[in-house]
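>
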Amino acid sequence: MATNLTLTVPDLTGKLAVVTGANSGLGFGLARRLSAAGADVVMAIRNRAKGEAAIAEIRAAVPDAKLTIRSLDLSSLASVAALADEFTADGRPIDILINNAGVMTPPERDTTADGFELQFGSNHLGHFALTAGLLPLLRAAEAPGWCR
Numbered sequence: 030m031a032t033n034l035t036l037t038v039p040d041l042t043g044k045l046a047v048v049t050g051a052n053s054g055l056g057f058g059l060a061r062r063l064s065a066a067g068a069d070v071v072m073a074i075r076n077r078a079k080g081e082a083a084i085a086e087i088r089a090a091v092p093d094a095k096l097t098i099r100s101l102d103l104s105s106l107a108s109v110a111a112l113a114d115e116f117t118a119d120g121r122p123i124d125i126l127i128n129n130a131g132v133m134t135p136p137e138r139d140t141t142a143d144g145f146e147l148q149f150g151s152n153h154l155g156h157f158a159l160t161a162g163l164l165p166l167l168r169a170a171e172a173p174g175w176c177r
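With the sequence shown counted from 1, adding 29 to any position gets you the numbering used here.
1) Count the other C-beta atoms from every protein chain shown that fall within 10 angstroms of the C-beta of L164, then say buried if there are 16 or more, exposed otherwise.
2) Determine which residues share a DSSP beta bridge with T97 and list them.
3) Enumerated in chain order, which unbroken segments of the beta strand (DSSP E) with a length of 3 residues or greater are wholly contained in the segment 72-136?
4) Whole angstroms is fine: what's the gap from V70's alpha carbon to A130's?
5) For the alpha helix (DSSP H) containing V60, list its first residue and its last residue.
6) Taking 8 angstroms as the limit between beta carbons, can you name the residues of its chain near L112, skipping five residues before and five after?
7) Among the candidates A68, L147 and M133, whose CA atom is the shortest distance from the CA of D40?
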């Protein structure tokens, strides 16, 4: 049974997309596909060097890709709040938020900067706090027919 795995994406010219964990894996693929559809993509990531490498790779395939990097460490609620504050100060509505980043199976139990278990703090609380902080900008971009 053959399956078509091509993602059909409408024209996203002028739309702002924020993708966490966009420097590798699914986040990278989504950043690439969204930018190919014309979206302005913000790659919210921890490691700037990896982000710059990801941008170079995407631009090799999509030369006119509109990509920027913003610093985000989901294991730190202060980092999450700082990013939300940056976007709020910019004031631009966010059309697409993809909460993709995460940590998986640390070798030892570890905690976030705020004292939460690392996986729970990063994969759940971090994204929950980010979405809450960006909610006014997400609501400002709402358009009929868009699904989140």
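Just so you know, even glycine gets a beta-carbon here, dropped at the ideal spot from N, CA and C.
Reading it off the structure:
1) As a first step, residue 164 is located in the sequence shown; it is residue number 135 there, counting from the start. With fewer than 16 other Cβ atoms within 10 Å, it is exposed.
2) Here residue 97 refers to the residue found at position 68 when the sequence shown is read from its first residue. Residue pairing from DSSP places T97 in a beta bridge opposite V71.
3) If we require 3 residues or more, the beta strand (DSSP E) runs fully inside the segment 72-136 come out as 95-100 and 125-127.
4) Position 41 of the sequence shown holds residue 70. Position 101 of the sequence shown holds residue 130. C-alpha separation (whole angstroms): 15 angstroms.
5) As a first step, residue 60 must be located in the sequence shown, where it is residue number 31. For the record, residue 60 in the displayed sequence is Ala; it is not Val. First-last of the alpha helix (DSSP H) with A60: G54 to A65.
6) Taking the sequence shown and counting its residues from 1, one reaches residue 112 at position 83. Only A73, R99, S100, L101, L159 and G162 meet the Cβ criterion.
7) In the sequence shown, residue 40 corresponds to position 11, counting from 1. Its Cα nearest to that of D40, the residue A68 stands out among A68, L147 and M133.
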